[in-house]
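**Q**
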Amino acid sequence: MIRVEGIHKYFGTLHVLRGISLDVEKGEAVVVIGPSGSGKSTLLRCINLLVEPDEGRVFLEGTQVNRADIRREWVRQQVGMVFQSFNLFTHLTALQNVMLGLTQVKGISKDVAATKARQLLARVGLAAKEHAYPAQLSGGQQQRVAIARALAMDPKAMLFDEPTSALDPEYIREVLDVMTALAREGMTMIVVTHEMGFASSVASRILFMDTGMIIEEGTPDKIFHHPEHERTRSFVDKILR
Amino acid sequence: MTKRLPWNRENRWRWIDTLLAAIVVIGALLYVYELMVGSRGLQVDYIAANYGQYLRAVTVNLYMTTVAFVVGMTVGFFLGWLRTIRSVPVKKVIRDYTALADASSRSPFVRSGMLALTVAWTGVKYLVRRIGDAYVEIIRGTPLFVQILFAWSILVVNFPGLFTNPSSVAFTAGLVALTANTAGYQAEIFRAGLQTVHSGQVEAARALGFSRLGAMRHVILPQALRLIVPPLTNEYIGLFKASTLVFILGVQTEITFVANKNAFAGHVFEIFAIVTGIFLLITVVLAKVVQALESRFRIPGLGIQQTRSERHRARPAEVP
Amino acid sequence: MDTAAPARTERPRARLVTPTTALRGAEIAAGATLAILFFQEFLQFSLFDPNLWLAYGPIFLGGLGGTIRFILLVIPISVILGFFLGWARISLHRVLVWPVTMFVDFFRGMPPLVLVIFAFLFGDDLIPQAIKDRLLAGIPLRVVSVTAAALAIAFHSAAYQAEIFRAGFQSVPMGQLEAAQALGMKPWQAMRWVVLPQTFRLSLPPLGNELAVVIKDTSLLAAVAGGEIVSRSQNFAGTLSISGYPVEWLFAIWTAVAISYFAATFTVTRLLLVLERRFHTPGLEAVSI
Numbered sequence: 014m015i016r017v018e019g020i021h022k023y024f025g026t027l028h029v030l031r032g033i034s035l036d037v038e039k040g041e042a043v044v045v046i047g048p049s050g051s052g053k054s055t056l057l058r059c060i061n062l063l064v065e066p067d068e069g070r071v072f073l074e075g076t077q078v079n080r081a082d083i084r085r086e087w088v089r090q091q092v093g094m095v096f097q098s099f100n101l102f103t104h105l106t107a108l109q110n111v112m113l114g115l116t117q118v119k120g121i122s123k124d125v126a127a128t129k130a131r132q133l134l135a136r137v138g139l140a141a142k143e144h145a146y147p148a149q150l151s152g153g154q155q156q157r158v159a160i161a162r163a164l165a166m167d168p169k170a171m172l173f174d175e176p177t178s179a180l181d182p183e184y185i186r187e188v189l190d191v192m193t194a195l196a197r198e199g200m201t202m203i204v205v206t207h208e209m210g211f212a213s214s215v216a217s218r219i220l221f222m223d224t225g226m227i228i229e230e231g232t233p234d235k236i237f238h239h240p241e242h243e244r245t246r247s248f249v250d251k252i253l254r
Numbered sequence: 093m094t095k096r097l098p099w100n101r102e103n104r105w106r107w108i109d110t111l112l113a114a115i116v117v118i119g120a121l122l123y124v125y126e127l128m129v130g131s132r133g134l135q136v137d138y139i140a141a142n143y144g145q146y147l148r149a150v151t152v153n154l155y156m157t158t159v160a161f162v163v164g165m166t167v168g169f170f171l172g173w174l175r176t177i178r179s180v181p182v183k184k185v186i187r188d189y190t191a192l193a194d195a196s197s198r199s200p201f202v203r204s205g206m207l208a209l210t211v212a213w214t215g216v217k218y219l220v221r222r223i224g225d226a227y228v229e230i231i232r233g234t235p236l237f238v239q240i241l242f243a244w245s246i247l248v249v250n251f252p253g254l255f256t257n258p259s260s261v262a263f264t265a266g267l268v269a270l271t272a273n274t275a276g277y278q279a280e281i282f283r284a285g286l287q288t289v290h291s292g293q294v295e296a297a298r299a300l301g302f303s304r305l306g307a308m309r310h311v312i313l314p315q316a317l318r319l320i321v322p323p324l325t326n327e328y329i330g331l332f333k334a335s336t337l338v339f340i341l342g343v344q345t346e347i348t349f350v351a352n353k354n355a356f357a358g359h360v361f362e363i364f365a366i367v368t369g370i371f372l373l374i375t376v377v378l379a380k381v382v383q384a385l386e387s388r389f390r391i392p393g394l395g396i397q398q399t400r401s402e403r404h405r406a407r408p409a410e411v412p
Numbered sequence: 342m343d344t345a346a347p348a349r350t351e352r353p354r355a356r357l358v359t360p361t362t363a364l365r366g367a368e369i370a371a372g373a374t375l376a377i378l379f380f381q382e383f384l385q386f387s388l389f390d391p392n393l394w395l396a397y398g399p400i401f402l403g404g405l406g407g408t409i410r411f412i413l414l415v416i417p418i419s420v421i422l423g424f425f426l427g428w429a430r431i432s433l434h435r436v437l438v439w440p441v442t443m444f445v446d447f448f449r450g451m452p453p454l455v456l457v458i459f460a461f462l463f464g465d466d467l468i469p470q471a472i473k474d475r476l477l478a479g480i481p482l483r484v485v486s487v488t489a490a491a492l493a494i495a496f497h498s499a500a501y502q503a504e505i506f507r508a509g510f511q512s513v514p515m516g517q518l519e520a521a522q523a524l525g526m527k528p529w530q531a532m533r534w535v536v537l538p539q540t541f542r543l544s545l546p547p548l549g550n551e552l553a554v555v556i557k558d559t560s561l562l563a564a565v566a567g568g569e570i571v572s573r574s575q576n577f578a579g580t581l582s583i584s585g586y587p588v589e590w591l592f593a594i595w596t597a598v599a600i601s602y603f604a605a606t607f608t609v610t611r612l613l614l615v616l617e618r619r620f621h622t623p624g625l626e627a628v629s630i
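Protein chains in written order, with our numbering: chain A, 14 to 254; chain B, 93 to 412; chain C, 342 to 630.
1) What are the complete alpha helix (DSSP H) segments, minimum 4 residues, inside the stretch 99 to 141 of chain B?
2) Write down every uninterrupted run of the alpha helix (DSSP H) in the stretch 463 to 538 of chain C whose length is 4 residues or greater and which is fully enclosed by it, in chain order.
3) Distance, Cα to Cα, Gln522 (chain C) vs Tyr23 (chain A)?
4) Report the CB separation of Ala360 (chain B) from Met128 (chain B) in whole angstroms; it is logged as a contact under 8 Å.
5) Residues of chain B with a CB under 9 Å from the CB of Ala599 (chain C): which are they?
6) Just how far apart, CA to CA, sit His621 (chain C) and Gln109 (chain A)?
7) Provide the residue(s) that pair with His21 (chain A) in DSSP beta bridges, ordered along the chain.
8) Counting Cβ pairs, one atom from each stretch, are 3 or more of them under 8 Å apart for the stretch 498 to 515 of chain C and the stretch 570 to 584 of chain C?
9) Between the stretch 584 to 591 of chain C and the stretch 212 to 230 of chain B, do three or more beta carbon pairs fall short of 8 Å?
10) Indicate the three-state DSSP secondary structure (helix, strand or coil) for Ala165 (chain A) in the structure shown.
11) Just to confirm the assignment: which complete beta strand (DSSP E) runs, minimum length 3, are found wholly within the stretch 193 to 240 of chain A?
12) Quick check: the Cα distance between Val40 (chain A) and Trp534 (chain C), rounded to an integer number of angstroms?
13) With three or more beta-carbon pairs closer than 8 Å as the criterion, would you say the stretch 377 to 386 of chain C touches the stretch 591 to 605 of chain C?
14) DSSP state of Met156 (chain B), grouped into three classes?
15) What's the call for Phe161 (chain B), buried or exposed, on a 16-neighbour Cβ count within 10 Å?
16) Beta carbon of Ile505 (chain C), beta carbon of Pro547 (chain C): below 8 Å?
17) Is the beta carbon of Ser54 (chain A) closer than 8 Å to that of Asp181 (chain A)?
18) How is Met94 (chain A) classed by DSSP in three states: helix, strand or coil?
19) Measure the CB-CB distance between Val565 (chain C) and Val455 (chain C) and report whether it falls below 8 Å.
20) Tell me, please, which residues DSSP counts as bridged to Leu270 (chain B).
21) How long is the line joining the alpha carbons of Pro408 (chain B) and Leu422 (chain C), rounded to whole angstroms?
22) Do you know how far the Cα of Gly404 (chain C) is from the Cα of Ile115 (chain B)?
23) According to DSSP, which residues form a beta bridge with Leu73 (chain A)?
24) Please state the DSSP three-state secondary structure of Ala346 (chain C).
25) Under 7 Å Cβ-Cβ, which residues of chain C neighbour Tyr184 (chain A)?
26) Answer yes if the stretch 386 to 405 of chain C comes into contact with the stretch 462 to 473 of chain C, meaning at least three C-beta pairs across the two stretches below 8 Å, and no otherwise.
27) Could you tell me which residues DSSP puts in a beta bridge with Arg172 (chain A)?
28) Tell me, please, whether the stretch 551 to 561 of chain C touches the stretch 407 to 420 of chain C by the rule of three or more beta-carbon pairs shorter than 8 Å.
29) Is there a C-beta anywhere in chain B that falls below 8 Å from the one on His621 (chain C)?
30) What residue ranges within the stretch 246 to 316 of chain B form continuous beta strand (DSSP E) runs of no fewer than 3 residues, ordered along the chain?
31) If you check the beta carbons only, do Phe96 (chain A) and Gly516 (chain C) fall under 8 Å apart?
32) Please report the distance separating the alpha-carbon of Arg221 (chain B) from that of Ala284 (chain B).
33) Let me check one thing: in DSSP terms, what residues is Asp36 (chain A) bridge-paired to?
34) May I have the straight-line CA-CA distance separating Ala243 (chain B) from Asn250 (chain B), to the nearest angstrom?
35) Does Phe169 (chain B) have its Cβ less than 8 Å from a Cβ in chain C?
36) What residue range is occupied by the uninterrupted alpha helix (DSSP H) comprising Ala593 (chain C)?
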């Protein structure tokens, strides 16, 4: 479904990604963990080409997509993304946020888009909040609208960039529940998160990244309880303790 | 192993970009120069011989600006403070008063008398605030040009005996109008600055036993000043620019020289260069000083940048 | 999920006239009347002298027309120019940033009066001969010069507005653009649907102040006898003693002129306020001090 081969990324003189390779099957939920600055977010952004990798290849369903003749907008329509800071469009209501991509990018009529947007808002449990502006919603509600907004584009896969780390503790649960349900329905997902409960119950695989490289990967049980590498062990110890 | 340096290409682009930018800027300057000077050639000796005259003229402007600014600041501060008075509905005043008075055991006669006093005091506060509002609105809603002419008319019609020569009438009228004008604008700056300081700060200060003035002096002003200094300096720059207007009354300033085109026929560009040089030197230097001051005295957590960190990553627009 | 609901997606309309605003309006009207009466009493003149309006009325109306013409010329030019200059200033390309910065710094640093006088005296020289021959043939020099002076005011304000719009653009967080791109929007779509609506809302309040300033700045055209209200009134005021009219008319004239400007700036700032309220969005309030 998503394959990444030998990706390198430089920001100026900073070598952020050092040869990452990754293969995600359809329906798989992969969780990426690692200390801050290890390149997790950049990896996600390289997959939907918000950041152009300097070297290496990105494949989507077998097609290489970081080629000059592939429209970046098309790639991003195929892969939904949820951000740490929600990034809901401040000037639009929850409903309008979900609709905007449908009407402007997909060219769907307003009525059809509104119906679909309402369904999605209901699915994330926010049917009652459709006319609220982002500033009038709690963090957890905003993030659920953001998930609905990404889902509206009918993505083949979803990328989650630390979706709960900007949330107050009491709102984390509701967002994770939506994500768990999504995974159970068979959505292909790559999730950067430090929620270990979520990782061990939902993830088919966990990647541990540090200094721009994948240090270790394996099942949740292996990474959390029997890590091979010293760096993995010390990191896991820190977040579990 | 060859190490790839992908930023190299970006650097080359940057270089071409910079070169093009420089070409455009210099080209535009040359174009203006060519149109204004043409084949005549720049007469450097004319500039050398005459710039002193303009510098002397500009000191008149600076002098008027400074006097008006300082006097206007005093007026403006109290005016701004007045405008922060909250207007309380009469109903609420009466309700609050009766609620308090019920607890005490005074005679009804004294009580109604006190109530009348309280209501009257509220009315006075309302009136004073509204007069302040009206002053600021009038000053900000009408052109300085008209204000200067108005001030001059008042001096000429109502105080004809006060001045012996016309140029001192003009100078005084200009100074009065500039002062009244900047007071109105500064009142608005002070009001915004004072209101931005959270009312909780006043409460905390008064809870510590500060008087109203003491709280203003020790708690609110130190915070408000940091918010106020940049717009105040911008106001000074604006007032300096506006002070050129007194030329319409015949006060000798650099503008007077410019306006008299015939006297300087043939030296169009030279005059342009001198006047532009003087003004840009003063205004741009002052503006840079504000920027420096602002970053120097910023307190973490105080100010618009911090409270809206997500959105305001850049300086908000200067107040025009 | 109630699918039968109408697809009402537009924002709920805010009420523009509430009891509070109506009360405020009455308060302002009463205040303005009181202020005028006070001035009349204090300076011993009458705004309602029929002789005054017989002599000054036509001049006043002509000047008012002139001022309105200049306002209608200057405001659109300054807003459009300011918007694009502000946009150019946040560009990553120095080719755009440097010339625009030079333009903005120059026009912001110069007093508008100096700009007006320069433009009036030398604006004609700044136009290339070819354009003059083709487009401006037959137009009197005076008209060209006064228009150049008006354009100087427009440019001066455009420089300030460029800063307003630049701040508006920069106030939209990068994350908004990123989210738009992640939905598959093209750059122009992200600009049109995500960045511009937010910039617009954030720029409205300071823009209102700036438009009031432009309106007042049109009075500077009197320095070059531009034929607007101040210059015509100045001419009339200058002939008062020769014509044998009472000298107190001076106050009446300048009060009338001041009221016109006040009405104009008041109208424009309130219009902007109405716009602001109409497009008000929680979480998108501009902060200005």
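For each residue, glycine too, the CB sits at the ideal point set by N, CA and C.
**A** Taking the definition as stated:
1) 99 to 129
2) 470 to 475, 482 to 512, 515 to 523, 528 to 531
3) 21 Å
4) As written in the sequence, residue 360 (chain B) is Val, which differs from the Ala given in the question. Confirmed, about 6 Å.
5) Ile230, Gly233, Thr234, Pro235, Val238, Gln239, Phe242
6) 15 Å
7) A:Arg31, A:Glu68
8) no
9) no
10) coil
11) 201 to 205, 218 to 223, 226 to 231
12) The question names Val, but residue 40 (chain A) in the sequence shown is Gly. If I take the Cα positions, the gap works out to 33 Å.
13) yes
14) helix
15) buried
16) yes
17) no
18) strand
19) no
20) According to DSSP, which records beta bridges pairwise, Leu270 (chain B) is partnered with nothing at all.
21) Unreliable placement is indicated for Pro408 (chain B), whose pLDDT of 34 sits below 50; the coordinate value is still reported in the next sentence. Each residue's alpha carbon lies about 20 Å from the other.
22) 44 Å
23) A:Ile15, A:Thr76
24) Reliability of the predicted coordinates at Ala346 (chain C) is poor, the pLDDT of 43 falling under 50, and the value obtained from them is presented with this limitation in mind. Looking at Ala346 (chain C) - three-state DSSP - the assignment turns out to be coil, as it is neither helix nor strand.
25) What Tyr184 (chain A) touches in chain C: nothing, since even the nearest Cβ is about 18 Å away.
26) no
27) Strictly speaking, residue 172 (chain A) in this sequence is Leu, with Arg absent from that position. Note: Leu172 (chain A) sits in a beta bridge opposite A:Met94, A:Ile203.
28) yes
29) no
30) none
31) yes
32) 15 Å
33) A:Arg16
34) 10 Å
35) no
36) 590 to 619
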